[in-house]
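Protein chains in written order, with this note's numbering: chain A, 70 to 733; chain B, 70 to 733.
See the structure below:
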């Protein structure tokens, strides 16, 4: 089979999610966690092939980003004290809206509920109007959500209601809790089974809470992202980098999200592996020195304007053009978008099922200034798998303000500059007698005023001869006249520029990416649809080689041992299958495991040391010495050679019993 | 310097923990987590070199155990529901004893408190008797604990009290909470600062608790070990392994322990990386097919008898002798002990600071049948870094019993055997009419009776003509006569043997191992004690090569770029340091980072392409072509060659300014 033939074969049989899941569970890629105990929704374990696949994806991520760009990897704790996440905004804003059915105790996620009920009604309307399902091309986005509403009733709606419902659905990700509550009242949305009314939506914080230490006093959470640990270590990282910017830190680890009602298998889980980069850069210079290397990468974009116009038709252009036209804000953001796409393709993502969608203003995380999602198309619709956000100076600023520690870059200026600034001087010896034990608090308050606050207080002092203000932890108003304090604008020559860096954050949900790759790589052989294949790129395949002695005749064992030794020396992961079953069955099993190469040892091998190499997708075979075959495997797996390049010089091989063997 | 000279140099300057910590924090190997917010005790972050070192240790672990022995790696969730840990025994038994000072609110760990107070009194006694500190060789074990007791008072104790205190201290790890309470009363042990009495010891469960899902009803914990996830997946793993035993699963991931009062830096933390193996085997055959490969490995053992005799003098013998003499129970346990030692040595553990200590009967975990700890000697004393426990069939049995799911191996017998067993038959059609909705529960109860229970019920039925019993979830007694049920012994021919496998569990605390390696690899150059070195084995060193252009002259840049390219192609992690500071300073910085090799590019390099290779410990230098130098680096780093083997064929090189350069 040629490359074109394989492409054709891979799409000949329609994708069927149940078949995929049956292979993934049957081969223990993953399984529901604790299913011996009935399972816990949203928690999954990876079995041996899933775990190896995940390790290879992480390894490739580390090479592609951390090593290639010399990023500073850190490993921070998951347990995080309350104060940190209060400051970052997660305690107040990291939540979904839930409504409870007070009679049954059921809990619904409000936005999903409204969406599902309105969609079901629109479907019922179509049925009533006699529009058959087949005529209606359903948006792939909507396929993922179908659970709460069990029955579609054929009820015709008036035209303006249909229009309203469609408008609501288009904006569903942007409603606040109270707005969702109003929609539920207006459209009479209750428990979809009983029809009973529900409680109004309440915010439910999605962080898992716990107590640190024996006193139970120190409240903590499991981190919702790895980012905060990186921000908190900013000063140490900057120092480690010899105080130079831009630089990036990176972190790979588990994060947690207490989903209201997890579903969609591996796509929406409560504990998941993330890989995050925080690229710290000068807010006044977001260029990237290596942008030219990626500028011709062509991608599908779904910018804000296109979505606002109600379209899902992507714009295809190069990242160079996208940055040039300001559709993507700056070079560094663009550089990472391109590098993300390269990474995804290297691990098996289907290029035609990848797009970059800009966040709508109302759906962005509380910290983001701009955000593009790398989305992958699956049978659940387009899934957000990578976020690429510009978090501006948000995090460093809030942590610095809260802890009163500077989190800034100091840059020596080539030429000194004149700077006019508000400054404050305190006559400290007067503070003790007047404010007693509160004196340090009052001083700290004044020394931490921002430029804007100083300007305002400076005016007040000039106009009134005194200032009045409140201080955290000090009762009542604090009042002082100009004997205590001087506030004025001064012009100075500065040799150093101090700034809070901005942050560009590419953030990867490894589990979602892995599941999407499973879907993109899965197909069934057209000649026998029961034979499934997972066409992982060799680089990330769980195991690279299946070593199969033709039979379990004892004369073959020494050759098997010899080749095992060679593979181990070359550090190529492999498995031996010397079970009694037919070669065809053994290969079929490994096609399901995504093993890209088979090496067959037969009686010829004993005589001349030659073995057969089989390629998983095409089932093509070549023959050569063990050393040459292993060299080919290494070239294709680790050095990016194609099958043709890797095996040139090896003789094509046609087994006499090829057909029988493969379909046995 | 020869290998002998390096050995001498490495021990010339006495180890000083503060110097080590200053290097580790200064170079950001690790830092207290959240220290911007004042820190949380027991939580640490790894910075770039610590993170890279950890990744390399984990990588070596994976190769040494998982790949070498074809183990089945799984990745299970940390969130674990209550039921699972209730069954495993952790809810009831995974706790320490704490006492609270009701006045100050302070909380003490009871065993540590008793130990510290008695030790302080013994010290005071020695002072009173005029025995100076220098005369008293303090047991290294005790050095780690010194915190609560601030002042040593010179008070003489009577001889029998000294004897009693010493006896208590020898058994300190074995006391129950009530016993500790009695000791506190008997010896008048209270708050060591105020002297006030404390509350009696209470059990404090060390698991972090949380609630899963929005209802708050599903109680869960963060796992205290990775083992449970492996046990719960036993059936799937067995199937994946084609139903063959023995086999091993393995898991690498974070676990959690809510320590009462964490201390000793990285050694006692609340969140830590573990690597655990569960080797499932036939309880009647604990031999190991590869035992002969390790039988001559010589180790230091501290068996139970030696400890009971009050000695800490290890017995040195081969693992073969240890198993032969039954000191170590069986081949598989012995095989893993030897493999553990090989792993530890490969990552930089000092052989003279490693021993294997058998657990005393009263200190074993609740599930263990036998346990040997791999202990490493540090400035905190001997530290348990690896546990190697025989968990018998404990876990599989309790989970099977609780969930009523079989967790067994079925083995085809070569020859069928006659087996006599109690069997039960139900006349099911009578159950419905009599027990109505309870019928299924009653049936399930009867069908799940053990052999012992059946024997007893069989006797009851025979003697009384009826049986009476209780059923979970059914009110009152259940009674039935022999029309409903037959219970009798029958002899049958069986072709399959069914057994619950035993489990040998090597369990690694990666953080503790890493800290111990830091200590074992740390030394100061005798000629300049301010110059510290971390002599990591190249295999696990965070970065392998420092690439240093002699100056930042622009002509050197192309050679630097060229060699960078070669190193990247060979996948050898390296750093370029083209900062302006002297070569000596640049090397000194990297000695602290443990970088084993330096490659210097000078003006000669531009002419003939030759570069200099420097070895960290000896500061020896050789010169050759870039290709030859990189080959030497690869051989030494990844293929286990010594410096002499790796660099033979390269010319020795003596820089004219060697002395100045290195000490500049």
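The beta carbon of each residue, even a glycine, is placed where N, CA and C say it ideally should be.
For a cut-off of 8 Å, the C-beta gap from residue 699 (chain A) to residue 619 (chain A) is around 19 Å, too long to register as a contact.
Using beta-carbon distances, residue 468 (chain B) counts as an interface residue toward chain A, with a partner under 8 Å.
Under the Cβ distance rule, residue 168 (chain B) does not count among the residues neighbouring chain A, no pair being separated by less than 8 Å.
Sorting B:112, B:249 and B:400 by C-alpha distance to the C-alpha of residue 328 (chain B) places B:112 at the top. Contact annotation for residue 278 (chain A) against chain B: 279 and 280 [CB-CB distance below 8 Å, chain order].
Taking all protein chains in view, the Cβ of residue 452 (chain A) is crowded by 16 or more other Cβ atoms within 10 Å, so the residue is classified as buried. Non-local beta-carbon contacts of residue 689 (chain A) in its own chain, meaning distances under 8 Å to residues more than five positions away in sequence, involve 70, 683, 712 and 721 in chain order.
Between residue 444 (chain A) and residue 424 (chain A), the C-beta gap is smaller than 8 Å, which places the two residues in contact. Secondary structure within the segment 568 to 623 of chain A: the beta strand (DSSP E) runs of 3 or more consecutive residues, fully enclosed, are 571 to 578, 591 to 594, 597 to 603 and 614 to 618 (chain order).
Of all C-beta pairs linking the segment 361 to 370 of chain B to the segment 399 to 408 of chain B, three or more are shorter than 8 Å, placing the two stretches in contact. When 9 Å is used as the limit between beta carbons, residue 340 (chain A) is near these residues of chain B: 146, 147 and 148, in chain order.
Residue contact with chain B for residue 125 (chain A): absent (no Cβ-Cβ distance below 8 Å to any residue of chain B). Taking a Cβ-Cβ cut-off of 8 Å, the neighbours of residue 474 (chain A) in chain B comprise 105, given in sequence order. Between residue 114 (chain A) and chain B, the shortest Cβ-Cβ separation is below 8 Å. Residues of chain B whose Cβ lies closer than 7 Å to the Cβ of residue 176 (chain A) are, in chain order, 283 and 284. Here residue 370 (chain B) is near residue 386 (chain B), since their CB atoms are less than 8 Å apart. The three-state secondary structure of residue 139 (chain B), taken from DSSP, is coil.
Less than 8 Å divides the Cβ of residue 341 (chain A) from the Cβ of residue 323 (chain A). When 8 Å is used as the limit between beta carbons, residue 311 (chain B) is near these residues of chain A: 648, in chain order. The alpha carbon of residue 415 (chain A) has as its nearest neighbour, out of A:706, A:114, A:88 and A:172, the alpha carbon of A:706. Excluding its 5 nearest sequence neighbours in each direction, residue 103 (chain A) has C-beta neighbours in its own chain below 6 Å: 109, listed in chain order. Listed along chain B, the residues sitting closer than 7 Å to residue 141 (chain A) by beta-carbon distance are 117. Only exposed fits residue 235 (chain B), as fewer than 16 other CB atoms lie within 10 angstroms of its CB. Selection B:550, B:264, B:555 and B:227 evaluated against residue 172 (chain B) yields B:264 as nearest (Cα-Cα). In the structure shown, the three-state DSSP call for residue 638 (chain B) is helix. Going by DSSP, residue 467 (chain B) is part of the alpha helix (DSSP H) stretching over 463 to 472.
DSSP places residue 683 (chain A) in the uninterrupted beta strand (DSSP E) bounded by 679 to 684. In the three-state scheme derived from DSSP, where H, G and I count as helix and E and B as strand, residue 297 (chain B) is classed as helix. Taking a Cβ-Cβ threshold of 7 Å, the residues of chain A close to residue 152 (chain B) are 106, in chain order. For residue 302 (chain B), the closest Cβ of chain A is nearer than 8 Å. Within the model, the alpha-carbon separation for residue 286 (chain B) versus residue 252 (chain A) is close to 29 Å. In the three-state DSSP reduction, residue 693 (chain A) falls in the strand class (E or B).
Residue range 287 to 291 is occupied by the beta strand (DSSP E) that includes residue 287 (chain B).
Within the DSSP bridge table, the entry for residue 721 (chain A) names A:691 as partners.
By a beta-carbon distance limit of 8 Å, residue 97 (chain B) does not contact residue 300 (chain A). Their separation comes to about 15 Å.
Residue range 340 to 350 is occupied by the beta strand (DSSP E) that includes residue 350 (chain B).
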